[in-house]
Amino acid sequence: MDISKLVRKNILQVKPYSSARDEFEGEASLFLDANENPYPTDFNRYPDPHQKELKKKISEIKNIGEQQIFLGNGSDEPIDLLFRVFCEPGVDEVLIPQPTYGMYAVSASINNILIKAINLTENFDLDVERTLAAVTAQTKIIFLCSPNNPSGNLLSTSRVNLVLEKFDGIVVVDEAYIDFTEQKSYLSQLDRYPNLVVLQTLSKAWGLAGIRLGMCFASATIIAVLNKIKPPYNISSLAQNVALETLNREDIKIKRVNQIIAERKSLETNLSKIKLVEQVYPSDANFLLVRIKNAKQVYSELLKKGIVVRDRSSVILCNDCLRITIGTPEENQLLVNELKKL
Ligand SMILES: Cc1ncc(COP(=O)(O)O)c(C=O)c1O
Numbered sequence: 017m018d019i020s021k022l023v024r025k026n027i028l029q030v031k032p033y034s035s036a037r038d039e040f041e042g043e044a045s046l047f048l049d050a051n052e053n054p055y056p057t058d059f060n061r062y063p064d065p066h067q068k069e070l071k072k073k074i075s076e077i078k079n080i081g082e083q084q085i086f087l088g089n090g091s092d093e094p095i096d097l098l099f100r101v102f103c104e105p106g107v108d109e110v111l112i113p114q115p116t117y118g119m120y121a122v123s124a125s126i127n128n129i130l131i132k133a134i135n136l137t138e139n140f141d142l143d144v145e146r147t148l149a150a151v152t153a154q155t156k157i158i159f160l161c162s163p164n165n166p167s168g169n170l171l172s173t174s175r176v177n178l179v180l181e182k183f184d185g186i187v188v189v190d191e192a193y194i195d196f197t198e199q200k201s202y203l204s205q206l207d208r209y210p211n212l213v214v215l216q217t218l219s220k221a222w223g224l225a226g227i228r229l230g231m232c233f234a235s236a237t238i239i240a241v242l243n244k245i246k247p248p249y250n251i252s253s254l255a256q257n258v259a260l261e262t263l264n265r266e267d268i269k270i271k272r273v274n275q276i277i278a279e280r281k282s283l284e285t286n287l288s289k290i291k292l293v294e295q296v297y298p299s300d301a302n303f304l305l306v307r308i309k310n311a312k313q314v315y316s317e318l319l320k321k322g323i324v325v326r327d328r329s330s331v332i333l334c335n336d337c338l339r340i341t342i343g344t345p346e347e348n349q350l351l352v353n354e355l356k357k358l
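Below is the structure:
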């Protein structure tokens with residue numbers, strides 16, 4: 017598959033912004049090239065536009081080449097850039113199985129890309145037949161989220177592989193919640209599928225939602241195009257420094273992930289015992305989708321007690337469902353106590 021054939025023509029022709037620091041070679045000690053303020057604060061210099069140190073660290077952790085890593089201002093940035101690279105506004109379309117993470121559709125709409133929404137199956141797995149049947153010459157990207165938000169389950173590998181094999185466009189596998197499951201990441205499949213793009217984030221398992229750092233992994237060809245069109249300084253020095261510090265403490269991340277997984281199990285057990293609760297869906301993520309009698313009312317009652325969960329009851333296939341993020345043991349206990357009272 018020749019990926020560059022999928023890239024919009026005008027994007028292929030874009031000449032990227034050349035930042036001051038990219039334009040000289042060799043060592044320098046006096047920087048009068050970027051119109052920065054010469055008086056030191058901790059941040060008077062522009063950040064590294066290529067995030068070299070951070071990518072080196074990520075490449076070690078993920079066992080993947082640095083040229084296969086794109087870093088964005090949250091996952092939302094690579095999602096937006098993928099539309100801009102591969103989809104012609106007003107002409108092309110994307111397939112988004114539903115229910116799933118809402119930003120794919122929002123970003124598609126902002127970029128004026130038609131959305132074809134295909135329902136997942138009853139148990140939130142991919143309906144491969146209907147998905148592939150909906151593909152047209154204008155379909156450029158299929159978004160798959162595994163583990164899926166808001167249902168929490170993994171999509172079955174055989175179905176995802178089928179889509180990767182049969183679809184001649186880009187398949188995005190969003191693995192924002194991959195650290196909360198034992199299933200292997202699709203990162204290991206990047207060499208096998210040139211049309212695969214994997215999204216991960218530091219917002220969940222790594223506990224850094226506030227710094228906004230999303231990771232996008234793909235072939236060096238796709239990553240080079242994303243790098244070409246990104247804003248030059250899209251990751252601040254603050255974010256790069258904090259990310260590096262945190263990535264150097266993988267032991268802490270593993271401990272926290274294990275705590276969250278253990279809590280997920282006990283919250284699932286405790287919720288299942290509550291009369292109002294009709295079903296707790298199995299989860300490979302850091303949240304549970306819970307079918308509950310009078311979900312909207314329960315949502316409001318919890319809010320009166322200062323507890324906010326996500327009301328997903330109007331979302332397709334999620335009638336009467338609340339999505340509950342796994343909190344600390346104390347937080348989860350408070351939630352269970354209030355639900356018991358109701
Ligand atoms: C599936 C999925 N992808 C991406 C994100 C957002 O990640 P980020 O914080 O990196 O933008 C979320 C956030 O809830 C999500 O559920």
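Start counting the sequence shown at 17; every next residue gets the next number (my numbering).
We treat Cβ as the ideally placed atom computed from N, Cα and C, and that holds for glycine.
Query	Result
Can you give the Cα-Cα distance for serine 35 and arginine 61, rounded to whole angstroms?	13 Å
For ligand 1, I want to know if tyrosine 117 counts as a neighbour, meaning its beta carbon is within less than 6 Å of at least one of the ligand's heavy atoms.	yes
Following the continuous beta strand (DSSP E) through glutamate 294, name the residue where it begins and the one where it ends.	293 to 296
Less than 6 Å between the CB of threonine 341 and some heavy atom of ligand 1, yes or no?	no
What's the C-alpha gap between asparagine 169 and leucine 351?	22 Å
Taking 6 Å as the cut-off, does the CB of alanine 121 come closer than this to any heavy atom belonging to ligand 1?	no
Taking three-plus beta-carbon pairs below 8 Å as touching, is the region 142 to 156 in contact with the region 58 to 74?	no
For serine 288 and lysine 269, what's the separation of their Cα atoms in angstroms?	28 Å
In the DSSP assignment, the alpha helix (DSSP H) including glutamate 145 goes from what residue to what residue?	144 to 149
Pair every Cβ in the region 284 to 300 with every Cβ in the region 87 to 107, then say whether three or more of these pairs are closer than 8 Å.	no
For leucine 229 versus alanine 259, is the C-beta spacing smaller than 7 Å?	yes
Classify glutamine 216 as helix, strand or coil using the three-state DSSP reduction.	strand
Which residues share a DSSP beta bridge with glutamate 109?	Leu130, Thr155
If we count Cβ pairs, one from each stretch, closer than 8 Å, do we get three or more for the region 209 to 219 versus the region 74 to 93?	yes
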